[in-house]
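Taken in order, these protein sequences are the chains called A and B.
Sequential numbering from 1 applies to the first sequence in the working numbering.
Sequential numbering from 485 applies to the second sequence in the working numbering.
There are 2 protein chains.
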Amino acid sequence: MSKFENYNEWYLDMVEKAKLSDKRYPIKGMNVWTPYGWKIMRFVDTYLREELDGTDHDEVCFPLFIPETEFKKEKDHIKGFDSEVFWVTKAGNNELDVPLVVRPTSETAMYPMFSLWIRSHQDLPLKVYQIVNTFRYETKQTRPFMRVREIHFFESHTCHDTEEDAQCQVEEDLEIVKRLMHRLCLPYFLLKRTDWDKFPGAHYTVGIDTVMPNHRTLQLGSVHHYRTNFSKPYNITYEDENGDHPYVHQTTYGMSERLLGAIISVHGDDSGLILPPDVAPFQVVIIPILSKKNADEVTKACVAVKEKLASAGFRVKLDDRDDRPGSKFFDWEIKGVPLRFEIGGRDIENGVVTFARRDNGEKGTIALDSLIPGTKLILDQIADSLRAKAWEFQKGAVKAIESMDEIPKDETKGASETNIKEDSLDLRVYSFGWCGCEECGHKFEDEHDIKILGTPYLPGDEYDGKCIVCGKPTKTKAYAARTM
Amino acid sequence: MSKFENYNEWYLDMVEKAKLSDKRYPIKGMNVWTPYGWKIMRFVDTYLREELDGTDHDEVCFPLFIPETEFKKEKDHIKGFDSEVFWVTKAGNNELDVPLVVRPTSETAMYPMFSLWIRSHQDLPLKVYQIVNTFRYETKQTRPFMRVREIHFFESHTCHDTEEDAQCQVEEDLEIVKRLMHRLCLPYFLLKRTDWDKFPGAHYTVGIDTVMPNHRTLQLGSVHHYRTNFSKPYNITYEDENGDHPYVHQTTYGMSERLLGAIISVHGDDSGLILPPDVAPFQVVIIPILSKKNADEVTKACVAVKEKLASAGFRVKLDDRDDRPGSKFFDWEIKGVPLRFEIGGRDIENGVVTFARRDNGEKGTIALDSLIPGTKLILDQIADSLRAKAWEFQKGAVKAIESMDEIPKDETKGASETNIKEDSLDLRVYSFGWCGCEECGHKFEDEHDIKILGTPYLPGDEYDGKCIVCGKPTKTKAYAARTM
């Protein structure tokens, strides 16, 4: 199965063969997290917790259900979610007086409580987060980790006394994004979404996007500045030093299990997953190369290496199944274990282990004397190399265009999600000048069945030329792509 | 507020004052886990994960919703839960063709998948667990952590080739219970539930109960042996070595946030919580005792002690707020921090820190030279002492009776949950002889508005005498109590 020739099928094949989740559960788009997939996701959760705890966020857990009355307080927000929430209308044998929404996101669960929690400026900033599942009634075609109806995700919510302080929070969030994505070896764009595409109720939204092997982009998460758009309907005020009661400024930041979808897609190859060492359930797999006469000795050496690595904190698996080494290689390649050790009679004689890197197939030996630093070095090299390769692919996916004619037309119009042609790499992520007006934006999107992802959030990625639609001079660059 | 004179009010007061959860959320029985309560619960989760991972269970995460069609396959099970589940009947603007149950427990979510996962005896035993929230439409009065509608809980589910192997799993589960309860310093009974009180669908149920300050018992969790009661309707079979396809034998084990309710109730006193060191978000709080002339020196000493403790792995808080020490003592007593350090000028001169134990108020000093072992020793002593005191209370709560007349009658009949009299310690946990027949059991329960909790699961707690109801000779002891 070829990742670049037929990405969609390759992806589903990987999820199934590496046993990351099981989509045979009898509800469409609600999949079972099987042990291997869940372990990877839990590493991501652990790193997020470290980051958020380390930046003075408190972990909380809010109820899953939200009364319809609370859910409907912010008008744009409810408009954005109305068609995609699940409703609990019955409990036991009773119809409920007030139907309950199953959380699609937690603004409307949290903010009535924030209004009780925050009294004075001393209660600010308030910074909380939770790692929970959220629920959206997807009507489009579902895809594991990318478009599901039960979504494993984290959301942080903050309240501040000033817009500036809320702005600083956005910057802190983006630093967290940077550190997390470094661990996952994933490249990304930070793009300020267009006004017609921002989060329902937000002042502005920064999308975190990465490029899939089919050149479509996948939104991995987002950071929102709400200003006082929610604090007004939910009446979240604080007493300031003058005795006044202004509304708080709010932000949120969230990322989801799509991170796992990106790890699979960005790093994997035609032989299976390739996991970044920080999220690999096993970083090293040891395969004994036995012959009849040395079986005991080799087994002993393998156990010793395993124990040494494990006690140094590496996650290591000794595959001592009664099976051919080649068949074991195959299994662990699918599972994406970054580093394979082979230990046979000759390795023992030479005082080494033979290693093979999953990412590039490179083989070599590590002297037993330097097992720990040697292993660490190679795992670091694997991470560096995955990261560099992924950033290179993302850069290569972007095409700067001056005219809309440069976008291949036949293939974009009317392409459906199951159409293999749409996976053609001829389609790219496009960058171009945009005057910023909504009319030009819509015209661009409509003509090409393509989405404007937004404009660079960070400085250093400007443009100097003309709007690709109306021709007015502009200094603003925009990115557009088809999305997953 | 007095724990023993008015337990119910004391309990609610503790939950609120220590900020463990917020019950002002606008759905009855669905409370917000605020940071301090959630931290304690997460320690419990962490220890459970360690135990389950260490006994070859795999963590999974199953979808929240269960199609009605799957939910209704096991007849006793659905009868047991029908009146207390939440139903999702609508998504977006569509009525669902098949209504979805919000998981009250996950047998009916997992077992259709187990039927796909298990092919041969090599797939057995299958041992999985998940830590999730479950949902029950409680109609009784709710109480934080004890009787709520969204329940944080863990559930392990196992499949075995033989009834004996499933029985070994029950024994392994009970060993886990033992180790976990040791950490939480909680005493407990293991009681085989009566047939009319076992889990819906179970072959038998072992309840894990502990005694509350009002002498009511609280079920903290349970272990169930299902035999093939679920594998038949869900068609979970395996191919054995003869090519036959017998049904698997199953067990489950679950415990919930009630553990936190028990920690609060069993250990707390009239000044606040008393947390076992293993689950205390802060094990040590340091309070500087400042005077004008030594403020800098004391602060420096406090920071040094804090850093030394933190780098040795203790969870430590330096309370450097601008407030009186007495007011800080008060705050941290409510929060149940097991050990308080006070550091002032005289302590520095003497090269010591002054400590105060939260559990018994005992004060003393630890030489700075032996700060780490000294702290560890006292925390261990606190845990030992909490454990001993709790077991002593549980033992003292049990009264062996020979006749039903020994149970005070006026107070039990018609007592309501809000009736203060029902908190009277005159009522006890009763042990007595029981012939084991259902008729005698019901007669006992009806006469006293009291529940037979079951018979001792472990050997060593037998009886030799007569059934308290019918007078037939019996060797079986039963326990009965009113339950929370």
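A virtual CB, placed ideally from N, CA and C, is assigned to each residue, including glycine.
Please read these numbers as outputs of a predicted model, since none were measured by experiment.
For residue i, which three-state DSSP category applies?
| i | result |
| --- | --- |
| residue 132 of chain A | strand |
| residue 203 of chain A | coil |
| residue 169 of chain A | helix |
| residue 488 of chain B | coil |
| residue 189 of chain A | strand |
| residue 765 of chain B | coil |
| residue 970 of chain B | The shown model of chain B, from 485 to 968, leaves out residue 970 of chain B, and the question about it has no answer. |
| residue 493 of chain B | helix |
| residue 547 of chain B | coil |
| residue 215 of chain A | coil |
| residue 595 of chain B | helix |
| residue 710 of chain B | strand |
| residue 567 of chain B | helix |
| residue 949 of chain B | strand |
| residue 485 of chain A | Because residue 485 of chain A is not part of the residues shown, which for chain A are 1 to 484, the question remains open. |
| residue 632 of chain B | coil |
| residue 30 of chain A | coil |
| residue 414 of chain A | A caution first: residue 414 of chain A carries a pLDDT of 49, below 50, which makes its placement in the model unreliable, though a value can still be read off. Of the three classes helix, strand and coil, the one that applies to residue 414 of chain A here is coil, per DSSP. |
| residue 739 of chain B | strand |
| residue 394 of chain A | helix |
| residue 116 of chain A | helix |
| residue 106 of chain A | coil |
| residue 248 of chain A | coil |
| residue 955 of chain B | coil |
Use the C-beta contact count for residue i: other C-beta atoms within 10 angstroms, 16 or more gives buried, fewer gives exposed.
| i | result |
| --- | --- |
| residue 495 of chain B | buried |
| residue 628 of chain B | buried |
| residue 859 of chain B | buried |
| residue 417 of chain A | Residue placement at residue 417 of chain A is flagged as unreliable, the pLDDT there being 46, under the threshold of 50; a coordinate-derived value is accordingly withheld. |
| residue 854 of chain B | exposed |
| residue 577 of chain B | exposed |
| residue 786 of chain B | buried |
| residue 31 of chain A | buried |
| residue 2 of chain A | exposed |
| residue 726 of chain B | exposed |
| residue 222 of chain A | buried |
| residue 518 of chain B | buried |
| residue 788 of chain B | exposed |
Measuring alpha carbon to alpha carbon, tell me which residue in the options is nearest residue i.
| i | options | result |
| --- | --- | --- |
| residue 650 of chain B | B/748, B/715, B/635 and B/527 | B/715 |
| residue 621 of chain B | A/152, A/96, A/38 and A/28 | A/96 |
| residue 666 of chain B | B/490, B/962, B/864 and B/698 | B/864 |
| residue 833 of chain B | B/623, B/820, B/839 and B/852 | B/852 |
| residue 448 of chain A | A/427, A/7 and A/162 | A/427 |
| residue 191 of chain A | A/451, A/468 and A/305 | A/451 |
| residue 759 of chain B | B/797, B/867 and B/727 | B/867 |
| residue 290 of chain A | A/73, A/324, A/135 and A/237 | A/324 |
| residue 546 of chain B | B/500, B/647, B/890 and B/616 | B/616 |
| residue 220 of chain A | A/404, A/153, A/322 and A/86 | A/153 |
| residue 134 of chain A | A/196, A/271, A/273 and A/85 | A/85 |
| residue 691 of chain B | B/647, B/550, B/540 and B/740 | B/740 |
| residue 664 of chain B | B/538, B/585 and B/689 | B/538 |
Rounded to the nearest angstrom, how far is the Cβ of residue i from that of residue j, given a contact under 8 Å?
| i | j | result |
| --- | --- | --- |
| residue 217 of chain A | residue 266 of chain A | Contact doesn't hold; Cβ gap of about 12 Å is too wide. |
| residue 106 of chain A | residue 150 of chain A | About 15 Å; that fails the 8 Å criterion. |
| residue 643 of chain B | residue 720 of chain B | 6 Å |
| residue 195 of chain A | residue 438 of chain A | 7 Å |
Under 7 Å from any heavy atom of the ligand NAD, does the C-beta of residue i make it?
| i | result |
| --- | --- |
| residue 709 of chain B | Questions concerning the ligand NAD fall outside what the structure shown contains, since it holds no ligand whatsoever. |
Next item on the list: Inspect the CB distances between the segment 461-475 of chain A and the segment 429-446 of chain A and report whether three or more fall short of 8 Å.
Entry: yes
Margin query: When you compare the segment 792-803 of chain B with the segment 548-568 of chain B, are there three or more beta-carbon pairs, one atom per stretch, that lie closer than 8 Å?
Written below: no
Note to self: With three or more C-beta pairs closer than 8 Å as the rule, is the segment 842-851 of chain B touching the segment 864-876 of chain B?
What the structure shows: yes
Notebook entry, point to check: Is there contact between the segment 741-754 of chain B and the segment 670-687 of chain B, where contact requires at least three CB pairs shorter than 8 Å?
Noted result: yes
Margin query: Quick check: the segment 194-202 of chain A against the segment 169-179 of chain A, are at least 3 beta-carbon pairs closer than 8 Å?
Written below: no
Note to self: Assess contact between the segment 290-300 of chain A and the segment 249-257 of chain A, defined as three or more Cβ pairs (one per stretch) separated by less than 8 Å. Is contact present?
What the structure shows: no
Check: Are the segment 808-822 of chain B and the segment 877-893 of chain B touching by the rule of at least three beta carbon pairs closer than 8 Å?
Finding: no
Next item on the list: Check whether the segment 17-36 of chain A touches the segment 117-128 of chain A, taking contact to mean three or more Cβ pairs, one atom from each stretch, closer than 8 Å.
Entry: no
Checklist line | Stretch pair the segment 821-840 of chain B + the segment 765-779 of chain B: three plus CB contacts closer than 8 Å | finding: yes
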